[in-house]
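Asker: This structure is in structure tokens; I'll ask about it shortly.
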Amino acid sequence: MVTPYILVAEDEDALATLLQYNLDKEGYRVTVAADGEEALTQVDEQLPDLILLDWMLPKISGIEVCRRLRSRAETRNVPILMLTARGEESDRIRGLDTGADDYVVKPFSMTELTARIRAVLRRIRPGLADDRLSHGDIVVDRVAHRVKRDGKEIHLGPTEFRLLDYLMQHPGRVFSREQLLDAVWGSDVYVEARTVDVHIGRLRKALGAEEVNPIRTVRSAGYSLDMEG
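Residue numbering for the sequence shown follows our numbering, beginning at -19 and increasing consecutively.
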């Protein structure tokens, strides 16, 4: 699958860094522009698959960047997701009328934002949003939130589903408990590292003790979805 390229146009350093870190972790290729002028320059240099565009940018506002991109044939269809502190309905309508594909009001959760990004990519560039993941005899349908193993339905709770989804995106890679906590629960949520062990245990049980279990414990390191699983 092609790695989607996202341009983040955001002038708040802390938020731009947070967005870049979390989107990198989700498997996207990310660059950051600190003002509207720089955003337009970066779009000219390489066409993004999606733009996260802050409404209130220095030099050229986000709404004007959106307007300009929509007026040019080569950028008319680039998905644009507006980020803004403006929550009023009239502003939201104005952003969408200018050509934004979606609208997220600050403060927002990274879980919500990444879900919105996936939804926009799925709708506009379906080839970039992988709706199904498979590893060995396990298939994850990310849209229907269903998991099958060897053709049989596996029932998972929401956390176990996100855990399996993340491990299946990176087969063979070993993750520490802390890395899994950040990826699945979020870096802004305080959860004890042992919680990961509990959910891994539930996931293993759901995947079937009688089968070869693909989730391997790596001593002193963490967990891995084994390539041989």
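Yeah, the Cβ is synthetic: ideal placement off N, Cα and C, and Gly gets one too. This structure is a prediction, so every number in the text was calculated from the model and none was measured.
Give me the residue from R157, D130, H179 and R102 with the minimum Cα distance to E140.
Answerer: For the residues R157, D130, H179 and R102, the minimum Cα distance to E140 belongs to H179.
Asker: DSSP three-state label for G202, please.
Answerer: Strand, per DSSP.
Asker: Unbroken alpha helix (DSSP H) runs of length 4 or more, entirely within the segment 91 to 166: which are they?
Answerer: Those alpha helix (DSSP H) runs which fall completely within the segment 91 to 166 and span 4+ residues are 138 to 149 and 157 to 160.
Asker: On the DSSP bridge list, what partners appear for M62?
Answerer: L33 and Y83.
Asker: Considering only C-alpha positions, which residue in the set M36, V23 and W165 is nearest to R48?
Answerer: Per the Cα distances, V23.
Asker: Go ahead and label D34 buried or exposed: buried means 16 or more other beta carbons lie within 10 angstroms of its beta carbon, across all protein chains shown.
Answerer: Flag for D34 reads buried.
Asker: So is S204 buried or exposed if we call it buried at 16+ other beta carbons inside 10 Å?
Answerer: S204 comes out buried.
Asker: Grab me the residues of D19's own chain with a C-beta within less than 6 Å of its C-beta, minus the 5 sequence neighbours each way, in chain order.
Answerer: Correcting the residue type first, residue 19 is Ala in the shown sequence and not Asp. Here the set comprises A(-11), A13 and V45.
Asker: Roughly how many whole angstroms lie between the Cα atoms of L183 and R129?
Answerer: Each residue's Cα considered, the two are about 12 Å apart.
Asker: Residues in its own chain within less than 6 Å of D82 by CB, not counting five upstream and five downstream?
Answerer: Here the set comprises L61, R96 and V100.
Asker: Can you list, in chain order, the residues of its chain with a C-beta nearer than 6 Å to that of Y(-15)? Leave out the 5 residues immediately preceding and following it.
Answerer: Hits under 6 Å: R9, P28 and D29.
Asker: Return helix, strand or coil for V(-12), following the three-state DSSP convention.
Answerer: The answer is strand: DSSP assigns V(-12) an E or B state.
Asker: Over the uninterrupted beta strand (DSSP E) stretch that includes T11, give me the two end residues.
Answerer: Element bounds for T11: R9 to A13.
Asker: For D15, count the other beta carbons within 10 Å of its own beta carbon; 16 or more makes it buried, fewer makes it exposed. Which is it?
Answerer: It counts as buried.
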